[in-house]
Amino acid sequence: MKYKYNNRKYNTKKTRKKYRKNDNKKNNNVQNNKTIVSVISFIIRQFFIPNPFSNLVHDSCTANVYNAIFGIIFVLLSFELTGGWYDKKNSKIGATGFLFNYILITFLFLLITKVIKKIIFAIIIFLLVYALLFLIEKKVFSKNRNKYY
Numbered sequence: 000m001k002y003k004y005n006n007r008k009y010n011t012k013k014t015r016k017k018y019r020k021n022d023n024k025k026n027n028n029v030q031n032n033k034t035i036v037s038v039i040s041f042i043i044r045q046f047f048i049p050n051p052f053s054n055l056v057h058d059s060c061t062a063n064v065y066n067a068i069f070g071i072i073f074v075l076l077s078f079e080l081t082g083g084w085y086d087k088k089n090s091k092i093g094a095t096g097f098l099f100n101y102i103l104i105t106f107l108f109l110l111i112t113k114v115i116k117k118i119i120f121a122i123i124i125f126l127l128v129y130a131l132l133f134l135i136e137k138k139v140f141s142k143n144r145n146k147y148y
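Quick note on numbering that gives the first Met the number 0: the sequence shown kicks off at 0 and runs consecutively.
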């Protein structure tokens with residue numbers, strides 16, 4: 000009787016158990032690498048990237064509150080930007096790409112708010128540049144370029 004595990008066929012249960020242990024070791028190693036990159040990403044985001052709302056609000060406490068509230072939007076936009084090209088096979092590349100995109104989005108917003116002080120115009124320009132950046136990253140980094148374009 001043949002046994003099936005992860006779309007592989009095995010002759011005995013022992014062989015299946017041996018491969019299952021190896022698969023679990025690979026998954027744990029990948030998870031540990033992703034965790035290390037995620038911790039480094041969190042430290043960089045918290046301590047080394049400037050507050051993007053410091054140009055709009057002159058009080059540092061208010062800017063920190065805005066950053067805590069609207070910083071979640073930057074995280075979601077970074078996930079979406081990374082998800083346009085990330086294929087979920089290498090988690091270290093995905094976590095590093097997320098950090099790169101978060102830094103890019105934060106500095107893009109900082110640059111726009113340094114030039115434009117009206118928040119509505121700054122958000123409109125930011126969203127237009129974000130959409131352009133999304134298309135460029137998807138076109139350049141995606142492995143299935145011909146599938147989408």
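Every residue, glycine too, gets a C-beta built ideally from N, C-alpha and C.
Residues in the same chain with beta-carbon distance under 7 Å from residue i, minus the five sequence neighbours each way, listed in chain order, please.
{"i": "Asn145", "result": "Residue confidence is low: Asn145 scores 49 on pLDDT, short of 50, so the model does not pin down where it sits. No coordinate-derived value is stated."}
{"i": "Arg44", "result": "Tyr101"}
{"i": "Asn54", "result": "Leu109, Thr112 and Lys113"}
{"i": "Asn107", "result": "Per the sequence presented here, residue 107 reads as Leu, with Asn not at that position. Contacts found: Phe125 and Val128."}
If you measure between the beta carbons of residue i and residue j, is that distance less than 7 Å?
{"i": "Leu109", "j": "Pro51", "result": "yes"}
{"i": "Ile35", "j": "Thr105", "result": "no"}
{"i": "Phe140", "j": "Leu80", "result": "no"}
Start and end of the alpha helix (DSSP H) containing residue i?
{"i": "Lys113", "result": "Ser90 to Val114"}
{"i": "Ser59", "result": "Ser59 to Gly82"}
{"i": "Leu131", "result": "Ile118 to Phe140"}
By Cβ distance below 6 Å, which residues in the same chain neighbour residue i in space, the five residues on each side in sequence not counted?
{"i": "Tyr147", "result": "With a pLDDT of 45 at Tyr147, under the threshold of 50, the modelled position of that residue is not reliable, and no figure is offered here."}
Here's a check: name, in chain order, each residue in its chain whose Cβ is nearer than 8 Å to the Cβ of residue i, leaving out the five neighbours to either side.
{"i": "Phe46", "result": "none"}
The region 90–103 / the region 112–129 touching (three or more Cβ pairs under 8 Å):
no
Within the chosen definition, does the region 47–67 reach the region 78–87 through at least 3 CB pairs nearer than 8 Å?
no
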